[in-house]
Amino acid sequence: MDTRPIGVFDSGLGGLTAMRELARILPEEELIYFGDTGRVPYGGRSPETITRYARQDVAFLRSFDPKAIVIACGTVSTTALEVLRRECPVPIYGVVEPAVQAAAQCTRTGRVGLIGTKATIRSGAYERALSALRPGAQVEARACPLLVPLVENGRYQPGDPVVERVVAEYLQPIREAGVDTLVLGCTHYPLLKPVIASYMGEGVALVDVGAQCAHWVARSLEEQGLRARRDGEGPRRYFVSDATGDFPALASAFLGVDVAGAVEWVDITAY
Ligand code: DGL
Numbered sequence: 628m629d630t631r632p633i634g635v636f637d638s639g640l641g642g643l644t645a646m647r648e649l650a651r652i653l654p655e656e657e658l659i660y661f662g663d664t665g666r667v668p669y670g671g672r673s674p675e676t677i678t679r680y681a682r683q684d685v686a687f688l689r690s691f692d693p694k695a696i697v698i699a700c701g702t703v704s705t706t707a708l709e710v711l712r713r714e715c716p717v718p719i720y721g722v723v724e725p726a727v728q729a730a731a732q733c734t735r736t737g738r739v740g741l742i743g744t745k746a747t748i749r750s751g752a753y754e755r756a757l758s759a760l761r762p763g764a765q766v767e768a769r770a771c772p773l774l775v776p777l778v779e780n781g782r783y784q785p786g787d788p789v790v791e792r793v794v795a796e797y798l799q800p801i802r803e804a805g806v807d808t809l810v811l812g813c814t815h816y817p818l819l820k821p822v823i824a825s826y827m828g829e830g831v832a833l834v835d836v837g838a839q840c841a842h843w844v845a846r847s848l849e850e851q852g853l854r855a856r857r858d859g860e861g862p863r864r865y866f867v868s869d870a871t872g873d874f875p876a877l878a879s880a881f882l883g884v885d886v887a888g889a890v891e892w893v894d895i896t897a898y
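Those letters in the sequence shown? Residues 628 to 898, per our numbering, in order.
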């Protein structure tokens with residue numbers, strides 16, 4: 628039993644897809660979220676910049692003495708996971724391995740679609756991990772750089788013509804490739820799930836990498852005897868690196884609970 632918090636980070640709102648699932652399946656845990664809203668998006672940046680930002684994100688979360696850190700970000704998980712793990716004594720979880728396990732279990736045909744940020748697709752990390760688990764799998768991958776800014780601006784509702792148009796343009800070649808599974812390789816994308824699901828059609832399973840990672844973390848803490856036991860729900864805190872702005876409203880809408888009073892600003896450049 629270990630009541631220390633779990634730290635979770637992303638460049639912005641996307642990691643809330645992991646946070647929401649963590650809060651659902653591990654209600655008694657203390658959860659601390661950091662969204663680097665002052666520097667989002669990460670996905671178009673160089674590996675050096677992404678790694679530098681991620682080091683600061685990890686250093687900030689370490690100031691809470693966490694028992695685990697969750698990189699709820701496909702971009703950081705595919706670009707900087709190894710270096711962060713080498714440098715940090717706290718266990719660090721990324722989204723790739725859990726997502727790829729889920730995709731390997733879902734696919735019947737071995738034809739898998741992958742969407743992510745430019746940095747994620749450039750890294751080839753999901754493809755490498757999938758071909759280790761499912762040799763011969765064919766991955767149809769596509770970078771979707773406009774999706775993160777749309778989500779960060781609260782534009783992810785079905786019926787929004789701009790969103791529908793952008794999603795269709797990115798996903799057309801993946802749908803035409805006849806995949807039966809689509810990995811939403813960026814944690815922002817599950818907010819677009821209804822739009823993506825309706826474009827891809829019923830026969831295509833969608834893998835939510837943040838939610839998969841949350842289940843992986845829960846299993847791992849359980850196996851190590853590190854789950855917190857307390858009466859009632861653990862504390863939740865949210866930090867952002869820009870003026871809190873739209874974050875409290877968007878986060879509350881997505882999480883289904885009012886988190887406005889729990890959002891604080893942090894100067895991430897000080898870490
Ligand atoms: N949510 C992120 C990811 O999973 C980051 C997106 C970005 O900042 O570009 O890749």
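Note that CB positions come from ideal geometry on N, CA and C, so glycine has one too.
Since the model is a prediction, treat every value here as computed from it, not as a measurement.
Integer-rounded CB distance, given that residue j should sit under 8 Å from residue i
| i | j | result |
| --- | --- | --- |
| residue 809 | residue 834 | 7 Å |
| residue 739 | residue 806 | 6 Å |
| residue 816 | residue 774 | 6 Å |
| residue 840 | residue 720 | 6 Å |
| residue 747 | residue 701 | 5 Å |
| residue 745 | residue 772 | 6 Å |
| residue 764 | residue 734 | 7 Å |
| residue 868 | residue 666 | 7 Å |
| residue 857 | residue 848 | Residue 857 to residue 848, Cβ: 14 Å. No contact. |
heavy atom of the ligand DGL below 7 Å from residue i C-beta
| i | result |
| --- | --- |
| residue 715 | no |
| residue 641 | yes |
| residue 664 | no |
| residue 580 | This structure cannot settle anything about residue 580, because the visible part of the chain is limited to 628 through 898. |
| residue 868 | no |
| residue 771 | no |
| residue 667 | yes |
| residue 842 | no |
| residue 637 | yes |
| residue 794 | no |
| residue 733 | no |
| residue 701 | yes |
| residue 743 | yes |
| residue 670 | yes |
| residue 896 | no |
| residue 747 | yes |
| residue 775 | yes |
Residue from the options whose Cα sits closest to the Cα of residue i
| i | options | result |
| --- | --- | --- |
| residue 800 | 768, 717, 635 | 768 |
| residue 641 | 664, 850, 628 | 664 |
| residue 860 | 657, 734, 646, 632 | 657 |
| residue 760 | 725, 699, 744 | 725 |
| residue 722 | 698, 741, 743 | 698 |
| residue 821 | 838, 863, 849, 790 | 790 |
| residue 836 | 771, 651, 729 | 729 |
| residue 714 | 683, 764, 670, 735 | 683 |
| residue 885 | 893, 712, 876, 892 | 876 |
| residue 674 | 711, 660, 648 | 711 |
| residue 752 | 823, 764, 706, 864 | 706 |
| residue 919 | 651, 661, 638, 695 | Residue 919 lies beyond the range of the chain shown here (628 to 898); nothing can be said about it. |
| residue 626 | 865, 867, 824 | In the structure as shown, the chain starts at 628 and stops at 898, and residue 626 therefore has no counterpart that could be examined. |
| residue 573 | 870, 887, 874 | Examination of residue 573 is not possible in this model, given that the chain is present from 628 through 898 alone. |
| residue 718 | 803, 685, 782, 865 | 685 |
| residue 655 | 672, 668, 632, 676 | 632 |
| residue 891 | 650, 652, 659, 649 | 659 |
| residue 630 | 681, 639, 676, 691 | 691 |
| residue 829 | 818, 802, 852 | 802 |
| residue 628 | 851, 653, 652, 754 | 851 |
Boundaries (first-last residue) of the alpha helix (DSSP H) holding residue i
| i | result |
| --- | --- |
| residue 701 | 701 to 706 |
| residue 680 | 674 to 689 |
| residue 878 | 874 to 882 |
| residue 643 | 643 to 652 |
Beta strand (DSSP E) segment containing residue i, residue limits
| i | result |
| --- | --- |
| residue 601 | Only positions 628 to 898 of the chain appear in the structure, and residue 601 is not among them; the question remains open. |
| residue 698 | 695 to 698 |
| residue 891 | 890 to 892 |
| residue 637 | 633 to 637 |
Exercise. What beta strand (DSSP E) runs, 3 residues minimum, are completely inside the stretch 718 to 796?
Worked result: 738 to 743, 765 to 770
Exercise. For the stretch 816 to 840, which segments carrying the alpha helix (DSSP H) assignment without a break, of at least 4 residues, lie completely within its bounds, in sequence order?
Worked result: 820 to 827
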